[in-house]
Each structure stands twice: as structure tokens, then as C-alpha cells.
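Visitor:
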Amino acid sequence: MLDPKSFRQNPQAVADALKKRGMDLDLSQYTALENDRRNLQLETENLQRLRKEASTEIGAARARGEDIQELVDGVQHVGSQLNAIQNEFRKVRDELAAFLLTIPNIPDESVPDGMDEEDNEVIAEVGEIPNFNFEVKDHVDVAQGLIDTDLASKLTGSRFSVIKGPVARLHRALTQFMLDTHVQQHGYEEIYVPYIVHRDSMEGTGQLPKFEDDLFRLDTEQPYYLIPTAEVPVTNIHRDEILSLNELPKKYVAHTPCFRSEAGSYGKDTRGIFRQHQFEKVELVHIVEPSKSWQALDELLSHAEQILKLLDLPYRLVTLCGGDLGFSASKTIDIEVWIPSQNRYREVSSCSNFLDFQARRAHIRYRPQVGQAPELAHTLNGSGLAVGRTLIALLENLQDVNGRIYIPEVLSGYLGGIDHINLSSEN
RNA sequence: GGAGAGGUGGCUGAGUGGUCGAAAGCACUGGUCUUGAAAACCAGCGAGGUUAACGCCUCCCAGGGUUCGAAUCCCUGCCUCUCCGCCA
Numbered sequence: 487m488l489d490p491k492s493f494r495q496n497p498q499a500v501a502d503a504l505k506k507r508g509m510d511l512d513l514s515q516y517t518a519l520e521n522d523r524r525n526l527q528l529e530t531e532n533l534q535r536l537r538k539e540a541s542t543e544i545g546a547a548r549a550r551g552e553d554i555q556e557l558v559d560g561v562q563h564v565g566s567q568l569n570a571i572q573n574e575f576r577k578v579r580d581e582l583a584a585f586l587l588t589i590p591n592i593p594d595e596s597v598p599d600g601m602d603e604e605d606n607e608v609i610a611e612v613g614e615i616p617n618f619n620f621e622v623k624d625h626v627d628v629a630q631g632l633i634d635t636d637l638a639s640k641l642t643g644s645r646f647s648v649i650k651g652p653v654a655r656l657h658r659a660l661t662q663f664m665l666d667t668h669v670q671q672h673g674y675e676e677i678y679v680p681y682i683v684h685r686d687s688m689e690g691t692g693q694l695p696k697f698e699d700d701l702f703r704l705d706t707e708q709p710y711y712l713i714p715t716a717e718v719p720v721t722n723i724h725r726d727e728i729l730s731l732n733e734l735p736k737k738y739v740a741h742t743p744c745f746r747s748e749a750g751s752y753g754k755d756t757r758g759i760f761r762q763h764q765f766e767k768v769e770l771v772h773i774v775e776p777s778k779s780w781q782a783l784d785e786l787l788s789h790a791e792q793i794l795k796l797l798d799l800p801y802r803l804v805t806l807c808g809g810d811l812g813f814s815a816s817k818t819i820d821i822e823v824w825i826p827s828q829n830r831y832r833e834v835s836s837c838s839n840f841l842d843f844q845a846r847r848a849h850i851r852y853r854p855q856v857g858q859a860p861e862l863a864h865t866l867n868g869s870g871l872a873v874g875r876t877l878i879a880l881l882e883n884l885q886d887v888n889g890r891i892y893i894p895e896v897l898s899g900y901l902g903g904i905d906h907i908n909l910s911s912e913n
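This is the structure we're talking about:
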């Protein structure tokens, strides 16, 4: 959520800034509402003060043993008056709050203009795109039946998968490797969290109220949701807290499954496990003091990149343009790994600085100095990395003509010391 | 699933209709004292809204209700804990 105060002071400036997202914010209704709010709040508070003073006086009079009936009669009408005005005030206030909740974060100045993916800005290409002197197989073919989406359809439906044998083990090894790297080399605290959260958590990080359609909701009495990313439970760990300065920065790494309805992506990426309703991700989350969040974004990004470097996979970095930016992010840098079968780079991580946008929704604060008033912290997150897509990249980039998969040295230890997997001989 | 207890400031915990945004202790901050530290003593110390500001208002899990007045009484919900049962 944006700062209501600065929004109020200059809503037009916010509307202008949001044009970078290709968004046309309608302020007409807001202005009227805000006017009402001010008047109603003033009236409400005046009546409250009136009642408070009268009640105090009644209390004092009664203590003196005086007859209070006349005084009581005098204020009785204030109550009903207050009730009416207050109800109106609350309605307006809630409407304003709801409106503010639907406004996305303001893009950082450095975010390039543009409407969609096409306008994203490539900032680096790292590693060498492999030259195959044979026809490359995509990950489904490379896996020789060990990635089985038909079987998953039998169990559940489309966009799910069953992964078997050595490929399943490779998938698990990747997860372990990512977690260990971030914990041991990048100083993260590993954390295990619920995969189901309630509404408040989803609002805290910005998935709700606007993007209910993207989520899986459980049919429970209380609204419960499957997490679309570990960002939700992990960032919300510190909801409604005031952290002391020496607790910052918080750096968490969590491995969770992620569940996304993928509404609106019918027909997209239908082959294999590229786009799934359920996938595994290792997620990095930072909570930092405001002055350090841009530096934190660089670090977070480098930590995620490091995984691809160690796996010997070619990738590029892309700054998302205004139109492609996620709702809560002020700036996002995607890491895209080379996918040979598609002959292009695809996203494996999205590293974002949310500034105080999530912190304001989730009330994540810190105290700059003992005795000083609390301030909102800044939050960031990024995948380190999406495991399924990294598996795809590995299978495709490191295949040879005989159907063998080269195993990077860093993974070898997780797979009993082998340096390749021979999938063709598995069948 | 059955039975009971409870949700108050960073923590412990008092408060059962008025002067309570809230005792006391701990923690923390500043000061006195000390070569320094500790102890002792003195002082300070919740969050939010609104306003140009003084100030005013709100908040004792959440939402309703009773009342001139609610942390305190009533209703609903959520959560936590204990015991029994069941269970990975």
C-alpha cells in the first residue's frame, strides 16, 4: 500500500507516476471521498469529545453524591447522533482504504518505460549458449518418460506432473544444493513455513484483495489459501512487529511448493513442467532498513545468480519495464535461463524491491534508534531459484547426443558422486 | 472429537462500570555516584489517526450490543494453553 498521507497530499503525482505501468488511475471518486472523510472524521471526533467530557462530568457529579439525571438527559442525544455520523465515517474510511489497497506500487525511476515483456531491458548476459551439433531434445524427451504429465492428469488434471527415478532425485538434489548454498555461503537463515495461509497474510504481501483468481482457495470455514510463493508466509513472519535495528537485516531462505491457478494462461507453455499448478521453489526474503534496500536488491540478485553460475547454466538479467512490473514491486530484475528447446531465455527468478509497500500493509516496522518512533522496514524477495525450471534448464543444456546429462560438480555430492546421468539406458 | 482455562504495553502481570492508555516488576534510555563496571538512587519510556500547529480522537484479540460512560457487563468469531481420546 502507498502512503495514504503523501497520496492525499498529491494524488495526481501518484497517478502520473503510475502511467509508467500503463495504468490510468481514476481520481474523481477519490477526491470526493477524501473530502467526505475529512468532514466526517472531524464531526465524529468532536462528538466523541463532547460525550467524553459530559460522561466525565457525570462521573464526578455522582461521586459528589449529586443528582445526575439532568446531566444524563443532556447528553443522551449525543450518542445516537454520534452513532449515525460514525457509521457514515467508517463507511467512507473503509471505502478509501479499499481503494488504496488496489493501487499498485510506484515504479522506481530506473524502471524502463514499456507495456510488456518486449520492452524489458536486458542488462547482462552471462555464460555461453551451448552449440549442439545434434538436434536438441526438450526436457520431456530428454527425461525419457520420467517426467510424466499424463500420469498426473490421471491423478489430478492438467498442469501437474509426476517425476520419477533419477530425475526426481535430481530435482531433490537441486533443491538441497540451493538451500545449502544460500545458508552456507550467503548467510541466510533457513526456515520452514506453512503452505497454507489465511487472508491477512495474503493481504500483507499484496496477493489480495486484487488477485484472488490466481490463488487456490480451500473450502474451509475460514478462508485459507495455498501459497503461490514462499514470499507470503516468510514475509508475514514479522507482520505487526517492531524490530530493533540490530535484528536487521533479516535474510530468510525457504523451500516450499507453490500453487498457482494460472488463470488466463490457457494454452501457454502446455508441454512438460514449465508452467505448473504446483511447483517447487527456493525463495529468498530480505527485511532491511530503508536506506539499504537497493543494495540489498543487488545482493539478493547476486545470490540467485550464483546458483546458475555454479550449475554452469547460461542466463541473462532483465529489468522489467513498467508495464510488466508486478503489483507490489517498485523494481524487479528477472533472471532468465537459456532454454535450448525454445531457443530463448525464460524466467527462473524474479528479484524485487518492494520498498515499504508490503511493510505498510503488513505493519512490518523497525526502530531506527532506541526511544525513537518506529518506521516501516523495506522488504525484498526473489527466487533462488524456481526448482522445476532449473531442472528443465539442466536437462536441456547439459544433455549430449547419447541422452546423457552432465552433472555439475556442485551437484555431484548430492547424487552419490556421479558426474552424469544416463537416461537413455534407464528404459 | 470431549472437558476446562485464558487472550491487557518489549516481557511478567494487576485491574470486574467513571478520575484507566492502563498499577507494579523486569527490560530499555538518560543522569547522579564510581578509576571503570556493577549496585543504589533520580528521571524517562506503548501504537496509530488527524491537524500548518497547539491540540483533539482512537486502540486493553476481532466484530457487534448494553450504558451518559466499557479493558471491565452481554453476544458472536478467531486464537492460545491444559487434561482426556485419537493420530503421522
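Numbering-wise, this note's numbering puts 756 at position 270 of the first sequence, and it's gapless, one number per residue.
C-beta: ideal position from N, C-alpha, C; glycine also.
Could you tell me the alpha carbon to alpha carbon distance between H906 and I893, rounded to whole angstroms?
Guide: 5 Å
Visitor: Mapping the DSSP letters down to three states, classify I554 as helix, strand or coil.
Guide: coil
Visitor: In terms of alpha-carbon separation, which member of Q515, S869, Y852 and C807 lies closest to E607?
Guide: C807
Visitor: Which one of V768, H724, V653 and L694 has the shortest CA to CA distance from A740?
Guide: V768
Visitor: Spatial neighbours of E912 within its chain, please: CB distance less than 8 Å, with the 5 preceding and 5 following residues excluded, ordered by chain position.
Guide: Residue confidence is low: E912 scores 46 on pLDDT, short of 50, so the model does not pin down where it sits. No coordinate-derived value is stated.
Visitor: Report, in whole angstroms, the separation of the C-beta atoms of I571 and L526, which I expect to be a contact under 8 Å.
Guide: 6 Å
Visitor: Rounded to a whole number of angstroms, what is the C-alpha to C-alpha distance between S814 and S779?
Guide: Their backbone Cα atoms lie some 15 Å apart in a straight line.
Visitor: Would you kindly check if the distance between the Cβ of L533 and the Cβ of Q498 is under 9 Å?
Guide: no
Visitor: Here's a check: name, in chain order, each residue in its chain whose Cβ is nearer than 6 Å to the Cβ of S835, leaving out the five neighbours to either side.
Guide: A790, I821, G868, S869 and L871
Visitor: Helix, strand or coil, according to DSSP, for H657 in the structure here?
Guide: helix
Visitor: Taking 8 Å as the limit between beta carbons, can you name the residues of its chain near F697, skipping five residues before and five after?
Guide: These residues qualify, in order along the chain: F813.
Visitor: Quick one: any contact between the segment 505-521 and the segment 572-592, if contact means 3 or more CB pairs under 8 Å?
Guide: yes
Visitor: I need the straight-line Cα distance from D686 to F702, nearest angstrom please.
Guide: 15 Å
Visitor: From the DSSP secondary-structure annotation, give me the bridge partner or partners of Q671.
Guide: None; Q671 has no bridge partner.
Visitor: Output the residue ranges of the beta strand (DSSP E) runs that lie fully inside the segment 553-612 and measure 3 residues or longer, sorted by chain position.
Guide: 607-612
Visitor: How far does the beta strand (DSSP E) with A716 in it reach, from first residue to last?
Guide: Where A716 is concerned, there is no enclosing beta strand (DSSP E), given that its DSSP letter is neither H nor E.
Visitor: Measuring alpha carbon to alpha carbon, tell me which residue in L557, T742, F760 and Q764 is nearest L770.
Guide: T742
Visitor: For L637, collect the residues of the same chain with a Cβ closer than 6 Å to its Cβ; drop the 5 residues on either side in sequence, then sort them by chain order.
Guide: V648
Visitor: Can you say whether A546 is buried or exposed, counting buried as having 16 or more other CB atoms within 10 angstroms of its CB?
Guide: exposed
Visitor: Please tell me whether V669 and G758 are closer than 9 Å, where the distance is taken between their beta carbons.
Guide: No, Cβ-Cβ distance for V669 and G758 is not below 9 Å.
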